[in-house]
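Structure record follows, encoded as structure tokens.
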Amino acid sequence: MAPRAGLRGWRWSSAWRAARDGSRERRSMGRAAILLTPRTSHTVTDLHAHLRTRLLDAIAGLGLDRAAAEPLVRLEPPKNRDHGDVALPAFQLAKLAGKAPPAFANELAARVTADDVVESATATGPFINFRFRRAALARAVLEAIQSGAAPYGKAAANGQVVCIDFSSPNIAKPFHIGHMRSTTIGNALCRIHRHTGATVHGINHLGDWGMPFAKMMTAYMRWGNEQELHASPMRYMFELYKRYGREVKENPGLDAEAAKHFQALESGADNVERRMWQLLRDESLKAFQGPYARLGVTFDHITGESFFEDKMAGAMQRVTASGVLEQSEGAAVVWLKELGIKEPCILQKSDGTTLYHTRDLAAAFYREVTFHPTRILYVVGAEQKLHFDQLKGVLTKMKEPVAKAVEHVPFGLVLSKTDDGKWEKFASRSGNAVFLDEILDEAVAKVRGVIREKNPDLADADQIAEQVGVSAIVFNDLKNSRIKDVKFDWESMLQFEGETGPYVQYACARLSSILRKAECPVPAASAIDHGVLADAERVLLTMMDFGTAVQKAAEQSEPSHVTGHTIALAGEIHSYLRDHYVVGQEPKIRDARLVLVDAARRLLVTGLALLGITAPERM
RNA sequence: GCGCCCGUAGCUCAGUGGGAUAGAGCGACGGUCUCCGAAGCCGUAGGUCAGAGGUUCAACUCCUCUCGGGCGCGCCA
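Letter by letter, the first sequence follows residues 552 to 1170 of the numbering used here.
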């Protein structure tokens, strides 16, 4: 419904006042994540599945109940790699058997004899450590990666339908640093869920309704000029926004004026407010395509708050019919005390107009009938936890089935450093607001400099600098648990060494370079001598963790699990390459390593793609 | 005041459906490009996991309390 064509080339104003009512577009937190997969094991590879079966057979052989033991067989990575490839703490199984853990571990280990896949099962105290045959490990992992089999490639449809409400900026304002987190996290979650086989609906719930927009309209109607608006829409609207903020201090009546305009807009009549709204919305929406294009973000649906204008009456009727709506001080509210929420959820103001909650309620109903979602993720900042608790609470009190799908995915604030070295919420009082384009431009410029220095003959250097620079910013945003506040400082943001996007991209470029220099095609993974890859066990075991990382990321709405895996894999392959050359080796070794290098590159590219990042062939 | 989140190495963070000696990166110090990309790799130093109780065979991980930091709390979003 919205124009997707990009408007490139304009820059954000250098200062931005994050006034209280201006910085609160949606983005926030949630209740406990709904875990949609049975938490029985981490069996994401054939090797693990095989081992599980062997273990359960052995357990049954010891006279234990197979079904009772099944959930207790929790294979986990050993604390120390020297112990083995996977470990099984035998405490609970020993309890089931009524034996001392070390003795039981011994008995069980003895029954898991070596086969084509399992090399050994060794009891170490109460733990059993397993080791796979190196050739089997290499074969299983490399063939799966090369053929694009799940979890390395996209999984078959899993029946889940996931709505992801993300980015959702208030489009009456410039796209600034504060908008980035919901955008990058939501984008990554869309890609991750698709990879795991879900049907995903990425939704941009634009803030194009309500008081912020009404204030912008008020400013424009008082001071606006259409020529200036068209010349530089976002910058001009930002100026209006700032002016409104200044003048409302002198003239508090402005807010009442804005409220009147909103009332007129919501009346549905074809009036000046409606035409004004349409104009401002169109202009700002166009301007937002620039940042989205740079970040590689797309949406399946751009249904902002205004989209629900004609659906709110129906939603209110539904609430009324359910009998949970009450009048309080002239407003229509739902009390949620029995759900442990003290603050009532206000659905209609005393002047009859609607609120954020009303529109989210209408949106929930709409999404339910339109998409039949198993989960609806709201990627919105943690400061809006109460809002989503209330939304879910109202739906729960109404006994609406969709209530259980509603899931807030909160994330931390973006903090900036004050003059005295403390961290505080981004606010431009001290002129510290930073706009996304400025950050991306800085990063790209720095990358360009690094390229000039390290790879001066690189073709398409500008394009690659854009690719690498933007990735550094996105990767940085997805590196830590989303609930952590992001400490924004230029130094670490523009750091390309260590655990960074460019580090992972560099690994990809290095691997690509080796594949080019090999001057022979990558053999089929099934055709190589897997035994010679015994020296690559750390790389292979890390590769094997990919599925677990993606699964956890999907279940917990936590892209950082994927980010972490790409860093780990890049590190392992870098280390491996130090002592293991590919080019110039005898064919048997060269071929096996070519498959390994190619698989590592593929998996890194896949991991980055899940984060919304591309990897250049050279950099 | 009430509710929620966070507190692990100098800094930024992993690890928190309890499990074997708490891991990275940055910074510091020391190595490493006549050999596939040094945006790399290897090593050294650095931790009473905020504190105190409790549950458990086992607690950084679960429960309670305290301290420190942050966010939120009726017609904004």
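Glycine included, each C-beta is placed from N, C-alpha and C at the ideal position.
By DSSP's assignment, Pro640 forms a beta bridge with Phe678. Per DSSP, reduced to three states, the secondary structure at Thr854 is coil, with no helix or strand assignment.
Assigned with DSSP and collapsed to three states, Trp974 falls in strand. Counting the other CB atoms within 10 Å of its CB gives His1116 a total of 16 or more, which places it among the buried residues.
The beta carbons of His959 and Lys973 sit no closer together than 9 Å.
Approximately 6 Å separates the beta-carbon atoms of Ile1034 and Ala933; this is inside 8 Å, confirming the contact.
Thr1114 is not a Cβ neighbour of Lys1038, given a cutoff of 9 Å. Check the Cα spacing between Leu626 and each of Asp633, Ala611, Leu606: the tightest is with Leu606. The residue from Thr734, Gly1082, Glu779 with its alpha-carbon nearest to that of Leu693 is Gly1082. Cβ neighbours of Ile610 within its own chain (closer than 6 Å, five residues either side excluded): Ala620.
Straight-line measurement puts the Cα of Leu937 at about 13 Å from the Cα of Asp911.
Taken in chain order, the complete alpha helix (DSSP H) segments of 4 or more residues contained in the segment 1022-1050 are 1041-1044. Its Cα nearest to that of Leu906, the residue Phe764 stands out among Leu966, Phe764, Arg825. In the structure shown, Gln899 adopts extended strand secondary structure according to DSSP, grouped into three states.
Between Thr769 and Glu808, the alpha-carbon positions lie close to 7 Å from each other. Your pair Leu613 and Leu659 checks out as a contact, with CB atoms roughly 7 Å apart and the cut at 8 Å. Pairwise C-beta distances place the segment 1013-1033 in contact with the segment 1162-1170, as three or more of them are shorter than 8 Å. Between the C-alpha atoms of Arg1129 and Gly963 there is a straight-line separation of about 38 Å. For the pair Glu860 and Pro784, the Cα-to-Cα distance works out to about 25 Å. Thr1099 and Ala701 have their C-alpha atoms roughly 11 Å apart. Within the same chain, Leu607, Ile610, Ala611 come within 8 Å of Arg617 by CB-CB distance, once the 5 residues on both sides are set aside. DSSP lists Ser879 as the bridge partner or partners of Ala882.
Boundaries of the beta strand (DSSP E) harbouring Thr750: 750-754, taken from the DSSP string. Two segments are said to touch when three or more pairs of C-beta atoms, one from each, lie closer than 8 Å; by this definition the segment 710-718 does not touch the segment 667-685.
Annotation: the continuous beta strand (DSSP E) that includes Lys968 extends over 965-968.
Shown here, Tyr907 sits in a helix according to DSSP, grouped into three states.
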